[in-house]
Amino acid sequence: MSASMSDSVSVTPERAPVAQPPSAQPPGRRRRARQVNVHKRREARTAYVFLAPWFIGLFVITVGPILASLYLSFTDYSLLEEAKWVGLDNYDTMFTGDDRFLASLKVTTIYVVVSVPLQLAFALALALALDRGLRGLSFYRSIYYLPSLLGGSVAIAILWRKIFGTDGLVNSVLGLFGVEGTGWVSDPDTALGTLIILHVWTFGAPMVIFLAGLRQIPQNYYEAAAVDGASKLRQFWSITLPLLTPIIFFNLVLEVIKSFQSFTQSFIVSGGFGGPVDSTLFYTLYLYLKGFKSYEMGYAAAMAWVLLLIIAGLTGVNFIASKYWVFYGDTK
Amino acid sequence: MATRSKAAPLLFRPLPRGGRLLKHLLLIGFGLIMLYPLFWMVSSSLKPEELIFREPGLWPREVTLDNYSDGWTALKHTFGYYLWNSAVITGLCVVANLVACSLAAYAFARLDFPLKKLWFALMLGSIMLPHHVTVVPQYIVFAELDWINTIWPLIVPKFLATDAFFIFLMVQFIRTLPRELDEAAAIDGAGYWRIFLQVIIPLCTPALATTGIFTFIWTWNDFFSQNLYLTNSDNLTVAVALRQFLDSSGESSWGPMFAMSIVSLGPIFGFFLAGQKYLIRGMATTGLK
Amino acid sequence: MNPSSRKKMWTAAVVSAVLMTGAGACGGDGGGEAAGGDKVRITFAYWGSDARQKLTDQVIQKFEEKNPTIDVEGDFSNWDSYYEKIATKVAANDAPDVMSIEIRGLSEYAGRGALADLSGKVPAADLDQQVLTSGQIEGKQYAIPTGVNAFSMIANPSVLEKAKQKLPDDTAWTWDQWIGLAKDISGAGGVTGAEYNPNPAWLQIFAAQRGEKMYDGTKMGVSAETLKAWWSIHQRLIETKGSPDAAKSAEIGATGPEQSLLGTNAGAMGMWWSNQLNALSKSSGQELTLLRMPKAEGASTSGMFLQPAMFYTASAKTEHPAEAAKLIDFLVNDPDAAGILLSDRGLPTNAKVLAAVKDKLPPVDQKTLIFVDQVKSELSPVVAPPKGALQMEDILKRNTEELLFGKATPDQAAEKFLSEANAAIAG
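Protein chains in written order, with the numbering used here: chain E, 1 to 332; chain C, 1 to 289; chain G, 1 to 427.
Here it is in structure tokens:
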């Protein structure tokens, strides 16, 4: 173990992820090869046992509805009547005859691009600040998690108006400086901004995940680095950050997926319509309005599959890019 | 802390006195801003209901607990009944996710098997589709099983590890652990199950705690499926009950809603406090000797 | 089932679920049919608040007392998620036997074959016949109105008094006078004269005063000129500070009566459904007055109408149509039911029932009743709007906001509204 310890201090992201080339089988040693095969089969069998609940869930609960939604995306389906096959019509309409679809795509993209990095940076900074070195940190951690508990609350629409409304906190503070604010939540130019702030404000989940990740970093790495006289900043760059990359990666992938599907906050804060003037019309909110308010579930299903392709594409890019910056402890 | 300062790594040596005070002040000040909405909600829950919007200031001029007593008894059952319902569902979901997701995560993170990449991609793919379009087919599945108005549609999927989020979370955590640990155990004669139970699980305490905390909070707040599958007024949960105070088409009981929202924050906050104790350094990370 | 045995059921569920290893093998029905026996079980879906839920549970109990062979299960949802739940259940062939539906959703559900024709199944002779026709689509009585509301002007006399203004004579006032009054009240300082909202009901009234129908079959009946004239009322209110600016108005518009200007004593006048007078009075703590809507110059009709607060309907696929009809009959025709529900689902339109419960109504409802009686002779008939009407509020609000926030000219907004609205109701 001591070898890996001294080794890891100098671990850098550039070096670590390089996979070992598969060692070539020495020729003529069939028996050993067979043993390896037996071992491999046993490993695979065990894996499928471990995965058994997940497989049952996948095939009984998850896959059916997903395939059904794929089928429905090629139909005209009002929910109340039988679905009618229309081929690619839904997809065609989406890109050629639906301005609101494009608007919702734009709103969502801005939201994801701005709020995800902001939220993650915020969460990481606080996780680092709240990790250790001060009395009462567990108290602060709890306090800083509270906003996330409120984030999904029924009351959040009102609470947000109390901050960003015409008579809200922000305007009171601005008033002290003689600046007259607007109704930030209900002005089409600023409404999306307040939802981005709302997203950043509920940074609790990624913060907790970062905290948990920080706890996985062996302390003796730091001790060894301190012996070597590495500065704090150096330690952060060469130990904390590289060893945290799997967690940063996790948060990034998941936040991208979740933010593209953001629904509740816009639904609650805008009163269900993504207003004013479609400025907070998130993709999933528009999809919901199509499916459950306009009774065009076929169209909604098509939108869902387009979203799936977008998210899957981005996640794929994320995974490919991760080869260059994510360091796993299990690669030797 | 002070006594250990010599051995502590540079980064985590206690700050000088002034610096510490400054950090405390910063954290408190920032915390106050972050929590403004919560303060407003607490204050509103203590105002007489008709004054909540008429006198929107933070400091209540008149303090009353009426909203709490009214809210507690406003619905068909006392609010404690709904808290219990939510606690049952949430507790089961936590257990389910911890067991099912850690099993699947271990396989994905450590074992090699055919089609692994495909299954992994499918797992991630399953959380990329907005649930609004799968809800109708899903409902049909559960209706066929005659599970409507029972808790099965809410918990059985968790036992079947359908929360891919947590599988992925645990995969990432397991992958931060050095493989030497497994290999050392294997040399000692441990099989996969023993490695999983005695090496991986104890070392993943932070990830398990995270999973537990999030499952608890998200299930507790999950209005959508609880509203859909538990329709009988005896089966309602907190998330659904809270929304009964509001009727945007008619009259709303804002005071009781605020009061009961505060009450329902209690269990999740309590669970968070309890859970975060387990966000600890496992033995692997405090120093392998 | 009483609470304690329910609790036992839940505890049992804990135990059994822990034992269940997750193979999904358990097909337990968790009490779904437990109350059965030889009783007929029907479900009754409705939306609302805690207060309505309590009343509805009482009324269901009463019904079960009178009909011991029928077991009614209430299926409650809050308003925001009501339709998505109902639509999901209809789609999954699991529709509630009796469903509450409001007028905008009626064509959607009846037109797509989800509702049963109730003609001759639910006695309706004592109901207000004009209101009853609003539940008809192509001659079939798909829906029975629960009670009525009127969209009207609500004013706070004491606020008017403080601003040294008098309550107007609502039988003869015009929109211009209303705007002028709002301006004067705001000018006196302290409160805002009026709050407007882009409610389609207001547009419908305004259009009727100009001799236009809101909907003409499956096309919009309202003209671009009328729309522009209607929007100019909004614009002039903002310009003269008779109402708050666009951002604040949008903000208020997204909330309910309790947070409105009128409800917080920050405003003098607003337009609301008459059943919201309760919530407004309660939150403002003041005596409020219902007024007729102002008229367009030279209008021959007030344009106002009585709208069913909601309808009771039965699923087209219910296995128990007779029991479903019986429940609806009880809810609208039985004084015992009305004695519990009172005006919860609008003022009863059954004259006999109304006479029986009149004295039990709270003072605010008495006031509404008097108002409705006064304006009754001036009312326009109401018909169920075409399919897609559920989207009208969204479309109108969005285009109104585009105009008021300066993102579109009146001509552009009118054109866009009409094309979007026509597209929505054409399907």
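Glycine included, each C-beta is placed from N, C-alpha and C at the ideal position.
C-alpha gap between residue i and residue j, whole angstroms
i, j, result
"M269 (chain G)", "L279 (chain C)", "56 Å"
"Y295 (chain E)", "A83 (chain E)", "12 Å"
"R110 (chain C)", "V133 (chain C)", "34 Å"
"E415 (chain G)", "L102 (chain E)", "20 Å"
"T96 (chain E)", "P48 (chain C)", "54 Å"
"M1 (chain G)", "Q58 (chain G)", "Here M1 (chain G) scores only 41 on pLDDT, less than 50, and its place in the model should not be relied on; the value that follows carries that caveat. In a straight line, the C-alpha of M1 (chain G) is about 15 Å away from that of Q58 (chain G)."
"F267 (chain E)", "V199 (chain C)", "44 Å"
"S243 (chain G)", "M310 (chain G)", "31 Å"
"M303 (chain E)", "M293 (chain G)", "43 Å"
"A129 (chain E)", "P202 (chain C)", "26 Å"
"M9 (chain G)", "Q374 (chain G)", "With a pLDDT of only 46 at M9 (chain G), under the threshold of 50, the placement of this residue in the model should not be trusted, and no figure is reported."
Neighbour flag for residue i against chain E, beta carbons, 9 Å
i, result
"P257 (chain G)", "no"
"N221 (chain C)", "yes"
"P202 (chain C)", "no"
"R398 (chain G)", "yes"
Pair within 9 Å by beta-carbon distance, residue i and residue j
i, j, result
"S249 (chain G)", "N197 (chain G)", "yes"
"F272 (chain C)", "F216 (chain C)", "yes"
"A384 (chain G)", "I103 (chain G)", "yes"
"T162 (chain C)", "W305 (chain E)", "no"
"I174 (chain C)", "A105 (chain C)", "yes"
"G275 (chain E)", "A316 (chain G)", "no"
"V240 (chain C)", "Y68 (chain C)", "no"
"A201 (chain G)", "T240 (chain G)", "no"
"P308 (chain G)", "V148 (chain G)", "yes"
"D170 (chain G)", "M153 (chain G)", "yes"
"V170 (chain E)", "W184 (chain E)", "yes"
"A389 (chain G)", "A116 (chain G)", "no"
"T108 (chain E)", "F260 (chain E)", "yes"
"A449 (chain G)", "V332 (chain G)", "Nothing about residue 449 (chain G) can be reported from this structure: the residues present for chain G run from 1 to 427 only."
"A246 (chain G)", "F417 (chain G)", "no"
"E108 (chain G)", "L126 (chain E)", "no"
"F50 (chain E)", "A107 (chain C)", "yes"
Contact with chain C by residue i, beta-carbon distance below 9 Å
i, result
"S152 (chain G)", "no"
"G330 (chain E)", "The question names Gly, yet the displayed sequence has Asp at residue 330 (chain E). Yes, because at least one Cβ of chain C sits closer than 9 Å to the Cβ of D330 (chain E)."
"A47 (chain E)", "yes"
"K367 (chain G)", "no"
"T88 (chain G)", "yes"
Exposure of residue i, with buried meaning 16 or more beta-carbon neighbours within 10 Å
i, result
"T237 (chain C)", "buried"
"N422 (chain G)", "exposed"
"H39 (chain E)", "exposed"
"P114 (chain C)", "exposed"
"Y139 (chain C)", "buried"
"F177 (chain E)", "exposed"
"G329 (chain E)", "buried"
"Q259 (chain G)", "buried"
"V63 (chain C)", "exposed"
Residue-chain proximity (residue i, chain G), Cβ-Cβ < 9 Å
i, result
"N97 (chain C)", "no"
"V199 (chain C)", "no"
"F216 (chain C)", "no"
"K23 (chain C)", "no"
"T231 (chain C)", "yes"
"N67 (chain C)", "no"
### Message
Does the structure place the stretch 295 to 302 of chain G close enough to the stretch 323 to 342 of chain G that three or more beta carbon pairs sit under 8 Å?
### Response
With fewer than three CB-CB distances shorter than 8 Å, the stretch 323 to 342 of chain G does not count as touching the stretch 295 to 302 of chain G.
### Message
Does the contact criterion of 3 or more C-beta pairs under 8 Å hold for the stretch 117 to 129 of chain C versus the stretch 245 to 252 of chain E?
### Response
With a cut-off of 8 Å, the stretch 245 to 252 of chain E and the stretch 117 to 129 of chain C do not count as touching, because too few Cβ pairs lie within range.
#### Entry: Contact between the stretch 320 to 335 of chain G and the stretch 62 to 78 of chain G (3+ Cβ pairs under 8 Å)
As far as the Cβ criterion goes, the stretch 320 to 335 of chain G touches the stretch 62 to 78 of chain G, which means the pair count is three or higher.
### Task
Please determine if the stretch 119 to 129 of chain E and the stretch 288 to 302 of chain E are in contact, where contact requires at least 3 C-beta pairs separated by less than 8 Å.
No contact exists between the stretch 119 to 129 of chain E and the stretch 288 to 302 of chain E.
### Query
For the 8 Å Cβ check, are there 3 or more pairs between the stretch 247 to 261 of chain C and the stretch 65 to 83 of chain C?
Yes, the stretch 247 to 261 of chain C is in contact with the stretch 65 to 83 of chain C.
### Query
Do three or more CB pairs link the stretch 262 to 279 of chain G to the stretch 143 to 160 of chain G at distances below 8 Å?
Yes: the two stretches touch, three or more of their Cβ pairs being nearer than 8 Å.
### Query
If you pair each beta-carbon of the stretch 33 to 40 of chain C with each one of the stretch 141 to 156 of chain E, do three or more pairs fall below 8 Å?
As far as the Cβ criterion goes, the stretch 33 to 40 of chain C touches the stretch 141 to 156 of chain E, which means the pair count is three or higher.
### Query
Is the stretch 92 to 99 of chain C touching the stretch 203 to 217 of chain C in the sense that three or more CB pairs, one from each, lie closer than 8 Å?
Enough Cβ pairs lie closer than 8 Å, so yes.
### Query
Would you say the stretch 241 to 248 of chain C touches the stretch 76 to 96 of chain G, given that touching needs at least three Cβ pairs under 8 Å?
Segments in contact, yes.
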